[in-house]
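For the sequence shown, the numbering used here assigns the number 2 to the initial residue and increments by one for each residue that follows.
A virtual CB, placed ideally from N, CA and C, is assigned to each residue, including glycine.
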Amino acid sequence: MASPPTTSRTFLDTGLPLFGAPPYKVSDLSPETVAFGRKEIELAEHEMPGLMALRRRHRDRKPLAGARITGSLHMTIQTAVLIETLIDLGAEVRWASCNVFSTQDHAAAAAVVGPPSSGGTPAVPKGPAIFAFKGETLAEYWWCTLAALTWPDGAGPNLILDDGGDATLLVHKGAEFEAAGSVPDPATAENEEFAIVLRLLAAVQEHDRTFWGTLAKGIKGVSEETTTGVNRLYQMQRAGTLLFAAIDVNNSVTKSKFDNIYGCRHSLVDGINRATDVMLAGKVAVICGYGDVGKGCAQSLRGQQCRVLVTEIDPICALQACMDGYQVVRLEDVVETADIFVTATGNFNIITAEHMQRMKHNAIVGNIGHFDNEIDLAGLAKVPGVERVNIKPQVDEWIIPAPGNAPDRKRHSIIVLAEGRLLNLGCATGHPSFVMSSSFTNQVLAQIELHTEHEKYERQVYTLPKKLDEEVARLHLEKLDARLTELTPQQAEYIGVSVEGPYKPVHYRY
Ligand code: NAD
Ligand code: 9W4
2 MASPPTTSRT FLDTGLPLFG APPYKVSDLS PETVAFGRKE IELAEHEMPG
52 LMALRRRHRD RKPLAGARIT GSLHMTIQTA VLIETLIDLG AEVRWASCNV
102 FSTQDHAAAA AVVGPPSSGG TPAVPKGPAI FAFKGETLAE YWWCTLAALT
152 WPDGAGPNLI LDDGGDATLL VHKGAEFEAA GSVPDPATAE NEEFAIVLRL
202 LAAVQEHDRT FWGTLAKGIK GVSEETTTGV NRLYQMQRAG TLLFAAIDVN
252 NSVTKSKFDN IYGCRHSLVD GINRATDVML AGKVAVICGY GDVGKGCAQS
302 LRGQQCRVLV TEIDPICALQ ACMDGYQVVR LEDVVETADI FVTATGNFNI
352 ITAEHMQRMK HNAIVGNIGH FDNEIDLAGL AKVPGVERVN IKPQVDEWII
402 PAPGNAPDRK RHSIIVLAEG RLLNLGCATG HPSFVMSSSF TNQVLAQIEL
452 HTEHEKYERQ VYTLPKKLDE EVARLHLEKL DARLTELTPQ QAEYIGVSVE
502 GPYKPVHYRY
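See the structure below:
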C-alpha cells in the first residue's frame with residue numbers, strides 16, 4: 002500500500018490542503034438539512050426500482066467487496082441513492098460533483114451522515130467521503146476531484162465512475178506529465194480551467210513524482226455517463242493513450258433514451274412552469290431540433306395542449322416530425338407569432354439577436370441543449386438600448402427597444418430562462434428519479450462488470466452487452482406492473498433469438 006503523501010501546502014486560494022483532505026467537504030451538515038436530504042432520498046428510493054432491485058439481488062453476495070470507487074458525478078438526491086447502492090454491494094466510495102453548480106447540498110449532507118442503518122448522525126457521520134458543495138470555484142472543484150481520488154492511507158481508487166470525464170482526465174494528464182518529467186506552464190493553457198488543472202498537477206508533482214503513475218496502475222476501469230466523456234475516451238483509445246478499460250454507459254438504450262426523450266419530456270414543462278406560471282395550453286411553441294431531446298420536448302408541450310411547431314435541418318428528422326403530427330417550419334417564418342421557443346439542437350446560434358428582436362411581447366425563450374450558445378444572448382446584449390431585468394433566479398426579462406413587432410409599442414420584452422443554459426436543470430431539478438434509476442442501474446452493472454471480470458477487458462472502450470441493457474429495462478418493469486410475454490422456444494427459434502434474450506440484433510434502432 003502507498004503511504005499517504007504529507008504536506009502542509011494548500012491549493013491555490015482554496016485554503017484546502019493539497020493532500021490529507023478532511024473526511025468530507027460539504028456545505029451544511031445541520032440536522033435540518035440532513036433530515037431534508039434523507040427524506041428526499043427515501044422518496045427517491047421508491048422511484049428507483051432498478052437500483053433497489055440490485056441491492057436486494059446482490060446485497061448478500063457483495064460483488065463490489067474490495068472495490069474502491071471514485072465517483073465524479075452531479076451530487077444530487079438520485080446520486081445519493083446510487084452511492085448508497087454501491088456501498089450496499091460492498092464498495093468503498095469517495096465522491097466529487099462533476100459540475101460546480103449541480104450539487105444539492107441536502108443530498109450531499111444526508112449522504113455524508115449515512116442512512117439510518119449506519120447509525121450516523123450529523124455529529125458522528127458514518128457515510129462516505131463526499132467533496133461537493135453548490136457554487137464551488139474552479140480551484141475548489143479540482144481540489145474536490147483530487148480529494149475523491151486519494152484515500153487517507155495514500156491508496157487510490159481501483160474503479161472510477163465518471164460523468165464528463167474529469168476524474169479520468171486528471172489521472173491521464175497527471176500520468177502523462179509525470180512520464181514527461183514536468184507539467185506544462187499554466188500560462189500556456191487554452192483556458193482558465195485547464196490552467197488550474199496544470200497548477201494542481203504541478204503542485205502534486207512537486208511533492209510526489211510517482212503519484213499518478215502508481216494511482217493509474219491500480220485502476221481497473223472507468224464507467225462513463227455522458228457523450229462528452231465517452232468522446233474523450235474514444236479520442237484516447239484512438240491515440241493509444243487510454244490507461245485502463247472503459248465502459249460507455251451512455252450508449253445503453255436504457256440510458257440514452259431515458260435521458261434524452263423521457264427525462265426531457267418530464268423536465269421541460271417542469272422548468273417552464275417553475276419559471277413562469279404561464280398557461281401553456283393554446284400557446285404556439287417552437288422546438289428547434291427534432292432529435293431525441295426535441296422529440297421529448299415536443300411530446301411534453303403537446304401534453305399541455307400547446308400547438309407545437311418544429312424546425313429541422315435533417316430531412317429524416319423533419320419527416321419524423323411530420324409523421325408525428327407536427328408542422329415543420331423555418332424559424333424566420335414563425336418568429337413573430339409563436340409564444341414559446343426551445344432550442345434542442347446541440348448546434349450553435351439557433352436563435353439570433355435578430356430573431357429575438359422580432360419576437361412577440363413576453364415570448365418565452367429557453368434552451369435544453371448541452372451548451373449555452375444555442376441562443377445568442379451575447380449578441381442580444383450588444384443591441385443598443387437592450388436592458389436585462391432579473392425577475393427571479395434563472396428568469397430574466399430582456400427589454401428590447403423598437404423595432405418590436407407591435408406597432409403600438411416603443412419596445413417589447415422577452416422572457417429568457419436560465420440565461421440560455423439547460424433550462425430543465427437551471428429552472429427545475431432535471432430528470433425524475435425513475436429516469437435516473439435507469440441510467441444509474443447501468444452504472445452499477447458496469448462497475449460490477451469491471452470489478453469482477455476485469456481480466457476480460459483490454460484498454461479499450463466497451464458498451465454494455467445488450468443482455469444487460471435488457472436487464473436494466475426488466476428491473477424497471479415490475480414497478481410499473483407490466484407483465485412481459487415470454488417467448489416459446491418455437492417462437493424464439495422462428496425469429497432467431499434465444500428465449501432469454503438478447504431479443505434484438507446489435508444494430509437495432511429502438
Ligand atoms: P440529436 O443529434 O439527436 O438531435 C439534435 C437535432 O437537432 C438533430 O436532429 C439535428 O438535425 C438538429 N439540428 C441541428 N442543427 C439544427 C439547426 N440549425 N436547426 C434545427 N435543427 C437542427 O441530439 P439529442 O440527443 O436530441 O441532444 C440535443 C442536445 O440536448 C445535445 O446538446 C445534448 O447534449 C442535450 N441533452 C440535454 C439533456 C438535458 O437534460 N437538458 C439531456 C440529454 C441531452
Ligand atoms: N445541474 C445544474 C444545476 C444548477 C445549475 C451559472 C448560476 C445535470 C444532470 C444531472 O447540470 C446539472 N445552475 C447553474 S448551471 C447548473 C447545473 N448556473 C449557471 O449561473 C446558475 C445537472 C443528472 N440528474 C438529474 O437530471 C436529476 N438527478 C440527477 O442526478 C443533475 C444535474
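Which one or two residues does DSSP pair with residue i in a beta bridge?
i, result
"Glu398", "Val390, Ile416"
"Gln328", "Leu310"
"Ala382", "Answer by DSSP bridge pairing: none, since Ala382 is not bridged."
"Lys26", "Phe132"
"Pro18", "Thr11"
"Glu93", "Arg69"
"Glu225", "Asp163, Asp249"
"Leu423", "Asn368"
"Val343", "Ile288, Gly367"
"Tyr511", "None, per the DSSP bridge assignment."
"Thr464", "Asp249"
"Ile317", "None, per the DSSP bridge assignment."
"Ile376", "Ile352"
Checking 8 Å against the spacing of the C-beta atoms, do residue i and residue j come in under that value?
i, j, result
"Gly421", "Ile376", "yes"
"Gly219", "Asn261", "no"
"Val329", "Val311", "yes"
"Gly283", "Ile248", "no"
"Ser438", "Gly51", "yes"
"Asp89", "Arg69", "no"
"Ser103", "Leu451", "no"
"Val27", "Val113", "yes"
"Leu485", "Val500", "no"
"Met76", "Ala108", "yes"
"Glu337", "Met360", "yes"
"Ile416", "Glu388", "no"
"Ile131", "Tyr235", "no"
"Val445", "Leu55", "yes"
"Asn443", "Val250", "yes"
"Val285", "Ala339", "yes"
"Gly120", "Gly128", "no"
"Ala345", "Cys307", "no"
"Thr151", "Asp106", "no"
"Tyr291", "Val309", "no"
"Arg460", "Ala168", "no"
"Val384", "Ile401", "yes"
In chain order, what residues of the same chain lie with their CB nearer than 8 Å to the CB of residue i, ignoring the 5 residues before and after it?
i, result
"Leu269", "Gly297, Cys298, Ser301, Leu302, Val343, Ile369, Leu424, Asn425"
"Met2", "Because the pLDDT of Met2 is 47, which lies under 50, any placement of that residue in the model is unreliable, and the question is left without a value."
"Gln448", "Leu65, Ala68, Ile70, Leu87, Ala92, Leu160, Leu162, Ser224"
"Thr453", "Pro64"
By a C-beta neighbour count over all protein chains shown, 10 Å radius and 16 as the cutoff for buried, is residue i buried or exposed?
i, result
"Arg275", "buried"
"Ile317", "exposed"
"His47", "exposed"
"Met324", "exposed"
"Glu472", "buried"
"Pro506", "exposed"
"Ser118", "exposed"
"Gly182", "exposed"
"Lys411", "exposed"
"Ile341", "buried"
"Asp164", "buried"
"Lys393", "exposed"
"Gly367", "buried"
"Gly166", "buried"
"Ser31", "exposed"
Taking 6 Å as the limit between beta carbons, can you name the residues of its chain near residue i, skipping five residues before and five after?
i, result
"Phe178", "Val184, Leu202"
"Ala419", "Gln395, Gly427, Cys428"
"Asp1", "In the structure as shown, the chain begins at 2 and stops at 511. Residue 1 is therefore absent and cannot be evaluated."
"Pro153", "none"
"Ala140", "Leu13, Thr15, Ile197"
"Gly272", "Leu424, Asn425, Cys428, Ala429"
"Glu41", "Ile78"
"Lys373", "Going by the sequence as given, residue 373 is Asp instead of Lys. Closer than 6 Å at Cβ, skipping near neighbours: Gly421, Arg422."
"Leu281", "Gln305, Cys307"
"Ala217", "Val172, Ala176, Leu244"
Can you name, in chain order, every residue of its own chain whose Cβ lies under 7 Å from the Cβ of residue i, other than the five neighbours on each side?
i, result
"Ala66", "Gly91"
"Pro116", "Glu85"
"Ala204", "Arg10, Phe12, Leu19"
"Trp143", "Ile197, Val198, Leu201"
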